[in-house]
Amino acid sequence: MATIKIISDSCTGCEKCIPACPFSLIKLEEGKAHIMPGCTFCGACVEECPFDAILLEEEQKEVELSAFRGVWVFAEQREGEIMPATFELLAAGRKLADALVESLSVIFLGDAIDEKVDELKKYPVDRIFFVSHPLLAEYRTSFYTRVFVDLIREFKPDIILLAATSMGRDLAPRVAARLKTGLTADCTSLDIDKEKRCLVQTRPAFGGNIMASIVTPYHRPQMATVRPKVMRPMQPTSLSSAEVIKLQPDLRSEDELVKIVGKIKEETNVVDLQEAEIIISGGRGLGRPENFSLIRELADLLGGAVGASRAVVDAGWIPSYHQVGQTGKTVQPKLYIACGISGAIQHQVGMRSSDVIVAINKDPEAPIFNIATYGIVEDLNRFLPVLMEKLKNTSSGRS
Ligand code: FAD
Ligand code: SF4
Ligand code: SF4
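Going left to right, the sequence shown walks through residues 105 to 503 as the working numbering numbers them.
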């Protein structure tokens, strides 16, 4: 536990520290600063004091880094089904574990989960932790946090990956805070610094203008949440000889602070962009909102979903749930057709893992061509009607 105190002899009562405290915990008493209970030891006041009158001493507890081994993937389940993002994390985790010559483990929390053992055993993982309890059937912040933290403290993994979904974003920071370790949220790529045996976690920063590579050099485990759909999923091999570790935690319902009284599913007729195999996206190059009819028509012809750049969403041409990119959805379809989209980095991070990217843009220098599988330098108002006419003339239109 850290400590903080005012060195009375040095404090001049200048009051500079008072507005610096984000929690309004400093007041002046008899001409000297006084810190009230509740201090988070953020250090803001220390930096502000011109007389070095505030002494913040942090507990220095050296972490034995080599005691932490292996890569863990948290298997997100909903209603007992393992979510697709888990298999993307497993593929990334396998590469990291191989680079470190360590094991890869998958952690599944749930209830009545025996059939999931067989499902996960088809994948090339080394260990499967099954933690079973009726109170873990659905995600509950407090129980999941407690069970996961206890497991980590006992087995000491080196790296932990969670999906950057609503569940992962809720669970990961709580776990990291309890373990007093670092967490990089929303990573778009992961690598290993082999020399330092550190996880290099890359994510967009400063409004997406740069890609930041973040490391956790002094604490363990190293934790990251990863955006769904930016990595390719692991494929089953049916050769896995994974060790299965079954655990049953001691949980009591009276310890639960939050009660789930019901669930209401949002009803929507909109095609789920993240699940679509074909996406036709339109950008500012469409010229005007009415021209989105070209994109919708092509999407109908190909059986795909409609995507959009942020520029056209901001302009009100199309609702925001169509937006692809850093502040929109991350997609990984088999075919992504970008029409009149320049390919700004913030758009690319949301779609560059697509299998095939076709870009239609009249500017041959547009950055979208750097990642396109096929580039068509043409005015989309000329090209799209011709393409659709050809498609309609084929026997099935979808072939
Ligand atoms: P423009 O950049 O204006 O490009 C239009 C393109 O159309 C040009 O390349 C032009 O050559 C071409 N064109 C014009 N006329 C024609 C024609 N007749 N035929 C063919 N081509 C034509 N953007 C996103 O998309 N998703 C995000 O999630 C996102 N998040 C962001 C987050 C932050 C913090 C910031 C700062 C920005 C974000 N952006 C995002 C915005 C991004 O930086 C770009 O501004 C945006 O993607 C540009 O959209 P656009 O390609 O439609 O428009
Ligand atoms: Fe306030 Fe932070 Fe100073 Fe504590 S360390 S008194 S929370 S500014
Ligand atoms: Fe005292 Fe430093 Fe605060 Fe000034 S800034 S009141 S010297 S503790």
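All C-beta atoms, glycine included, are put in the ideal place defined by N, C-alpha and C. Here the structure is a predicted model, which means the values were calculated and not measured.
What are the boundary residues of the beta strand (DSSP E) that residue i is part of?
i: Gln326; result: 326-330
i: Lys109; result: 107-110
i: Cys443; result: 439-443
i: Ile264; result: 263-267
i: Met166; result: According to the sequence as given, residue 166 is Glu; it is not Met. Where Glu166 is concerned, there is no enclosing beta strand (DSSP E), given that its DSSP letter is neither H nor E.
Using only CA atoms, which one of the options lies nearest to residue i?
i: Asn80; options: Ile382, Lys369, Ile422; result: The chain is shown only over 105 to 503; residue 80 falls outside these bounds and no answer can be derived.
i: Phe233; options: Lys298, Ile349, Ile186; result: Ile349
i: Gly391; options: Ile384, Asn485, Met335; result: Asn485
i: Ala171; options: Arg257, Cys443, Pro141; result: Arg257
i: Glu381; options: Ser397, Arg388, Asp404; result: Asp404
i: Ala268; options: Val428, Arg331, Ser128; result: Arg331
i: Arg356; options: Ile158, Tyr248, Asn474, Ala148; result: Tyr248
i: Val150; options: Glu163, Lys109, Ile186, Thr292; result: Lys109
i: Gln352; options: Ile296, Asp290, Asp218; result: Asp218
i: Asp156; options: Thr144, Cys143, Gly117; result: Gly117
i: Arg173; options: Cys153, Thr144, Gly197; result: Gly197
i: Cys146; options: Leu439, Glu162, Lys131; result: Glu162
i: Ala148; options: Asp274, Cys125, Val167, Val416; result: Cys125
i: Asp376; options: Val253, Val428, Thr285; result: Val428
i: Glu261; options: Ser246, Ala328, Ala216, Gly408; result: According to the sequence displayed, residue 261 carries Pro and not Glu. The shortest C-alpha separation from Pro261 is found at Ala328.
i: Ile364; options: Gly214, Arg231, Val417, Thr245; result: Thr245
i: Ala106; options: Glu133, Leu159, Ser207; result: Leu159
i: Gly272; options: Ala189, Val410, Phe473; result: Ala189
i: Met492; options: Phe212, Asp467, Lys300, Ser397; result: Ser397
i: Ser207; options: Arg231, Pro321, Glu223, Leu213; result: Arg231
i: Phe127; options: Glu133, Glu119, Gly142; result: Gly142
i: Gly407; options: Ala476, Glu223, Lys438; result: Lys438
i: Glu360; options: Gln378, Glu152, Tyr243; result: Tyr243
i: Glu152; options: Leu132, Glu119, Thr144; result: Glu119
i: Ile475; options: Lys466, Val453, Lys496, Val490; result: Val453
i: Pro321; options: Ser342, Glu299, Lys466, Ser114; result: Glu299
With burial defined as no fewer than 16 other Cβ atoms inside 10 Å of the residue's Cβ, what is the status of residue i: buried or exposed?
i: Gly366; result: exposed
i: Tyr478; result: exposed
i: Gly135; result: exposed
i: Gly184; result: exposed
i: Arg502; result: Any answer about Arg502 is weak, because its pLDDT of 49 lies below 50 and its placement is not dependable; what the coordinates show is given next. The residue is exposed, with fewer than 16 neighbouring Cβ atoms inside 10 Å.
i: Leu49; result: The structure shown does not extend to residue 49, since the chain is modelled only from 105 through 503, so no value can be given for it.
i: Leu488; result: buried
i: Ser270; result: exposed
i: Ser457; result: buried
i: Gly420; result: exposed
With DSSP as the reference, identify every bridge partner of residue i, one or two as the case may be.
i: Val481; result: Asn465
i: Glu133; result: Lys136
i: Ile349; result: Phe233
i: Met335; result: Beta-bridge pairing links Met335 to no other residue.
i: Ser209; result: Trp176, Arg231
i: Gln427; result: Ala412
i: Lys369; result: According to DSSP, which records beta bridges pairwise, Lys369 is partnered with nothing at all.
i: Ile318; result: Gln305
i: Cys291; result: Val330
Beta carbon of residue i, beta carbon of residue j: below 7 Å?
i: Lys333; j: Val205; result: no
i: Gly386; j: Ile368; result: no
i: Ile264; j: Leu303; result: no
i: Leu169; j: Arg278; result: no
i: Val175; j: Ala201; result: yes
i: Val251; j: Val229; result: no
i: Ala276; j: Leu266; result: yes
i: Ala241; j: Val210; result: no
i: Leu402; j: Ile384; result: yes
i: Tyr227; j: Met140; result: no
i: Val462; j: Ile441; result: yes
i: Leu194; j: Val221; result: no
i: Arg307; j: Asp295; result: no
i: Asp215; j: Pro238; result: yes
i: Ala412; j: His426; result: yes
i: Ile111; j: Cys121; result: no
i: Met335; j: Glu482; result: no
i: Lys225; j: Ser344; result: yes
i: Gln538; j: Ile318; result: As shown, the chain starts at 105 and ends at 503. That puts residue 538 outside it, with no answer to give.
i: Gly444; j: Ile472; result: no
I'd like the span of the alpha helix (DSSP H) that includes residue i, first residue to last.
i: Met271; result: 270-283
i: Arg307; result: Per DSSP, Arg307 belongs to no alpha helix (DSSP H); it is in the beta strand (DSSP E), 302-309.
i: Ser252; result: Strictly speaking, residue 252 in this sequence is Phe, with Ser absent from that position. First-last of the alpha helix (DSSP H) with Phe252: 245-259.
i: Thr190; result: 188-204
i: Ser397; result: 396-406
i: Cys143; result: From DSSP, Cys143 is part of no alpha helix (DSSP H); its letter is neither H nor E.
i: Cys125; result: Neither: Cys125 is in no alpha helix (DSSP H) and is coded neither H nor E.
i: Leu518; result: An answer regarding residue 518 cannot be provided, because it is not within the stretch 105 to 503 covered by the chain.
i: Glu379; result: From DSSP, Glu379 is part of no alpha helix (DSSP H); its letter is neither H nor E.
So that I know if they touch, is there some Cβ in chain D lying closer than 7 Å to that of residue i?
i: Asp354; result: The chain labelled as chain D is not found in the depicted structure, where only one protein chain is given.
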